[in-house]
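*Asks:* Residue numbers (our numbering): 470 to 731. Below is one structure. I have some questions about it.
Written out as structure tokens, the structure is:
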């Protein structure tokens with residue numbers, strides 16, 4: 470795709486954005502997954518990251534650019550909006566939710582009612598699945614009592630088992646487990662985490678992990694974002710103390726989230 474290569478964004482996008490998105494910024498925005506796969510392990514080449522890429526495409530979609538690169542944009546979407554025989558496991562449930570949410574937005578942007586309807590339906594089904602299988606409530610009865618007592622969210626869910634850990638983090642890194650099930654923090658996140666009682670249980674379960682030596686700042690932001698659903702002032706104080714952010718998140722994004730909860 471010509472607009473995914475090293476020259477950065479097409480001239481139309483730079484012009485339409487009023488200079489707010491320059492070629493260097495665009496290159497990082499659209500190429501990070503291709504250039505730094507070790508860092509962005511599921512950004513572009515792995516299917517569950519393509520919805521995130523589509524979300525980023527929609528942020529810069531203008532009429533001239535959108536018409537010119539419509540075929541390429543559809544090819545990205547079609548790569549994950551199809552039946553697959555390889556659905557053995559899922560680590561980040563927020564990724565498919567946001568992928569289908571992106572497809573719905575894509576349909577709105579292009580006036581494609583069918584894609585908008587399919588994307589919205591699939592996003593809704595994923596959210597229902599997340600609340601049933603990934604969100605472990607104190608009074609839940611999906612899993613055995615010992616697991617329910619020790620966990621508030623699943624790490625990786627397989628067809629015939631579930632893991633507390635992640636591919637990149639042990640079970641003790643609870644803030645990482647929360648983060649991977651939240652990111653990216655978008656408007657659809659408030660639907661995915663609409664159960665305020667459960668969110669409070671989840672945050673209180675994960676917060677003690679932040680006292681661990683060497684805990685990374687980056688995943689803390691997503692935990693504080695969930696805190697903002699029921700404790701706006703406490704979350705704002707915690708967010709302002711952050712020194713770093715996970716790729717795709719930022720102080721601006723977190724402040725938008727916190728101040729839009731009221």
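Glycine residues also receive a C-beta, built at the ideal position from the N, C-alpha and C atoms. In this text the structure is predicted, and so the values were computed from the model without any measurement.
Between the alpha carbons of residue 600 and residue 699, how many angstroms are there, rounded?
*Replies:* Their Cα atoms are separated by approximately 18 Å.
*Asks:* Give the list of continuous alpha helix (DSSP H) stretches no shorter than 4 residues that lie fully inside the stretch 580-668.
*Replies:* Whole alpha helix (DSSP H) segments, 4+ residues: 582-598, 614-619, 643-651 and 658-661.
*Asks:* Less than 8 Å between C-beta atoms, sequence neighbours within five positions excluded: which residues of the same chain meet that for residue 584?
*Replies:* 546, 550, 572, 573, 575 and 576, listed in sequence order.
*Asks:* When we look at the beta-carbon of residue 597 and count the other beta-carbons within 10 Å, is it buried (16 or more) or exposed?
*Replies:* By the neighbour-count rule (16 or more Cβ atoms within 10 Å), residue 597 is not buried but exposed.
*Asks:* Are the CB atoms of residue 714 and residue 704 within a distance shorter than 8 Å?
*Replies:* No, the Cβ-Cβ distance between residue 704 and residue 714 is not below 8 Å.
*Asks:* Quick check: residue 662 and residue 635, are their CB atoms within less than 8 Å of each other?
*Replies:* The answer is no: Cβ separation not under 8 Å.
*Asks:* Is the Cβ-Cβ distance between residue 642 and residue 626 less than 8 Å?
*Replies:* For residue 642 and residue 626, no; Cβs fall outside 8 Å.
*Asks:* Whole angstroms are fine: how far does the CA of residue 579 sit from the CA of residue 664?
*Replies:* For residue 664 and residue 579, the distance between alpha carbons rounds to 32 Å.
*Asks:* Which residue from 540, 646, 581 and 720 puts its Cα closest to that of residue 561?
*Replies:* The option with the nearest alpha carbon to residue 561 is 646.
*Asks:* In whole angstroms, what separates the C-alpha of residue 709 from that of residue 672?
*Replies:* Roughly 18 Å separates the two Cα atoms.
*Asks:* Three or more beta-carbon pairs under 8 Å between the stretch 652-660 and the stretch 612-630, yes or no?
*Replies:* Cβ pair count under 8 Å is below three, so no.
*Asks:* What are the residues that DSSP puts in a beta bridge with residue 559?
*Replies:* Per DSSP, 626.
*Asks:* Tell me whether residue 541 is buried or exposed, calling it buried when 16 or more other Cβ atoms sit within 10 Å of its Cβ.
*Replies:* When all chains shown are included, residue 541 counts as exposed.
*Asks:* Hey, would you say residue 652 sits closer than 8 Å to residue 722, going by beta carbons?
*Replies:* Cβ distance not < 8 Å, so residue 652 and residue 722 don't count as in contact.
*Asks:* The alpha helix (DSSP H) with residue 702 in it runs from where to where?
*Replies:* First-last of the alpha helix (DSSP H) with residue 702: 701-709.
*Asks:* For residue 569 versus residue 591, is the C-beta distance shorter than 8 Å?
*Replies:* Against a cut-off of 8 Å, the Cβ pair of residue 591 and residue 569 comes out as a contact.
*Asks:* Excluding sequence positions up to five away, which residues of its chain have a Cβ less than 6 Å from the Cβ of residue 624?
*Replies:* So the qualifying residues of the chain are 632, 633, 634, 635 and 646.
*Asks:* For the candidate residues 728, 650 and 605, whose alpha-carbon lies nearest to that of residue 702?
*Replies:* Cα-wise, what sits closest to residue 702 is 728.
*Asks:* Please tell me whether residue 697 and residue 730 are closer than 8 Å, where the distance is taken between their beta carbons.
*Replies:* Cβ distance < 8 Å, so residue 697 and residue 730 count as in contact.
*Asks:* Taking residue 688 and residue 648 to be in contact with their CB atoms under 8 Å, please state how far apart those CB atoms are, rounded to whole angstroms.
*Replies:* With a Cβ gap of about 4 Å, residue 688 and residue 648 count as contacting.
*Asks:* List the endpoints of the continuous alpha helix (DSSP H) containing residue 548.
*Replies:* 539-549 is the extent of the alpha helix (DSSP H) around residue 548.
*Asks:* Just checking my contact of residue 589 with residue 644 at CB under 8 Å: how many whole Å lie between their CB atoms?
*Replies:* The Cβ separation is near 31 Å, so there is no contact.
*Asks:* Give me the Cα-Cα distance between residue 534 and residue 666, rounded to the nearest whole angstrom.
*Replies:* Taking the straight line from one Cα to the other gives about 43 Å.
*Asks:* Roughly how many angstroms lie between the CA atoms of residue 616 and residue 683, to the nearest whole one?
*Replies:* Going by the C-alpha atoms only, they are around 26 Å apart.
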